[in-house]
Amino acid sequence: MKILLVGAGLSGAVIGRQLAEAGHDCRIIDSRSHIGGNCHTERDSETGVMLHVYGPHIFHTDDEGVWNYVNRFAEFMPFQNRVKTTSQDAVYSLPVNLHTINQFFGKTLRPDEARAFIESKADSSITDPQTFEEQALRFVGRELYEAFFKGYTEKQWGCSPQDLPASILKRLPVRFNYDDNYFFHRFQGMPREGYTALIAGILDHPRITVELETTFTPAMAEEADHVFWSGPLDGYFDYSLGRLGYRTLDFERFTYQGDYQGCAVMNYGDREVPWTRITEHKHFSPWESHEGSTCYREYSRAAEPEDIPYYPIRLVEEKSLLEEYVRLAEAQKSVTFVGRLGTYRYLDMDVTIREALDTAETFLTSAQTGQQM
Ligand code: UDP
């Protein structure tokens, strides 16, 4: 079969690879000048540091199949994300852990004492938290919420945490020990030569052709037997029902001779500081050595039509618009919508890969039995 995949990010690459290995011809197009989507990495021409051009990406998963899959195409180096946050003139450790709690409250609590102490701060009248704010008040209480989450979240999402779903905060654990690894997944690492090299490895198959700086046209779809669309869901339908909300990011690059902040990610919890975080990219590749350093100050804002979409906002009031688009998408029998933009969900890389592998398998099974997906 002739397959068209729109988008050369993780979803397009993984689905393309699986179908190519099964004997299908895959044409992958991308409007940008590079593969890899927002995972794209490249070396800074001035400092030589590997840059996460569209913001930090740390690979972490509990899915052994996904871990084995990425390790087929790239060498992974051990990497654990240890994030710090600056709030009210002090630096703390994230995710909220025993060190954060003891430092913030000026105490020397042991794990059980800290658990009881935080429980006493938490708002136990909230039994079924729905919003980000309710989730925070229920699990860490007002003081920690205001120091670490409220201002950051207002900057990151451009709205009140009362309007955001609890699921966003559920990404972050609270720990009553000194474990400051941002993720608790079994497998964590960083591709030695960056994500673009990983994705190039996945795309390296004789049945795959990649065309960059190429915009989708309906004529391309007519030439194909099936289309996998990893661009924005609403974009496929020319935004005919209205636009789904996205946040985009602006990065202010600066260089420094030496070590600017001593860690890869420094968050800024205070509302008055306009950026959300500063990333110092050489710390994402601790096995390399660079004198110079490249840092990004990261600012979040509502995406305009011409901006690159990063985070689907998924405000409660957007739910019905999303449902309408999903209905339209489901009615497209020869198009499958995939990935973060194609399904309008906040997906981590490992989940994206898992879904892409499963989508390819379902497609191959139905192609064999002659059914439409
Ligand atoms: N968050 C926060 N303070 C922080 C870090 C995160 O309030 O210092 C909130 C914020 O709303 C963010 C969410 O938790 O969007 C998820 O954080 P994560 O680090 O997973 O965000 P990502 O790295 O995907 O942008």
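The UniProt record's numbering applies: residue 1 is where the sequence shown begins, and numbers increase by one.
Even glycine gets a Cβ: it sits at the ideal position worked out from N, Cα and C.
The structure displayed is predicted, hence computed values, not measured ones.
Cβ-based neighbour list, residue i, same chain, cut-off 6 Å, excluding 5 preceding and 5 following
i	result
R27	L4, T209
D250	Y299
R297	E252, W275, I278
Distance, residue j Cα to residue i Cα
i	j	result
R115	S125	17 Å
H40	E133	33 Å
S285	D163	37 Å
T279	S366	44 Å
S240	L144	42 Å
Y236	W229	8 Å
I58	A331	35 Å
F105	P161	24 Å
L98	L109	8 Å
P206	S93	47 Å
For residue i, three-class secondary structure by DSSP
i	result
P206	coil
N267	strand
M1	coil
T47	coil
G189	strand
D250	strand
H226	strand
E113	helix
D234	helix
D358	helix
Proximal residues to residue i (C-beta, below 7 Å), its chain only, five neighbours per side dropped
i	result
T248	R301, A303, D307, I308, P309, Y310
V227	L4, V6, A221, S334, V335
T255	E46, T47, G292, S293, T294
residue 382	The chain is shown only over 1 to 373; residue 382 falls outside these bounds and no answer can be derived.
H283	C263, A264
D44	L51, T294
H185	H60, T61, D62
F139	A122, V174
Residue i versus the options, residue with shortest Cα-Cα distance
i	options	result
D238	I199, N181, A329	A329
V273	Q156, L19, R142	Q156
A122	L109, A136, L357, E113	A136
T352	E119, E288, T61, Y54	T61
E288	K84, A360, M77	M77
CB-CB length for residue i against residue j, believed under 8 Å
i	j	result
E211	I29	5 Å
G342	S11	7 Å
G141	G269	About 15 Å; that fails the 8 Å criterion.
D204	K2	About 20 Å separates the two Cβ atoms, so there is no contact after all.
V174	P95	7 Å
F79	Q188	6 Å
P111	F176	4 Å
H290	V49	5 Å
P312	Y246	6 Å
Below-8 Å beta-carbon distance, residue i vs any chain D residue
i	result
R301	Chain labels in this structure do not include chain D; a single protein chain is all it has.
Contact set for residue i: own chain, Cβ-Cβ below 8 Å, skip 5 residues either direction
i	result
T196	H34, I35, G36, C39, H40, T41, E42
Q88	A147, G269, D270
A74	P191, R192, E193, A197, L198, G201
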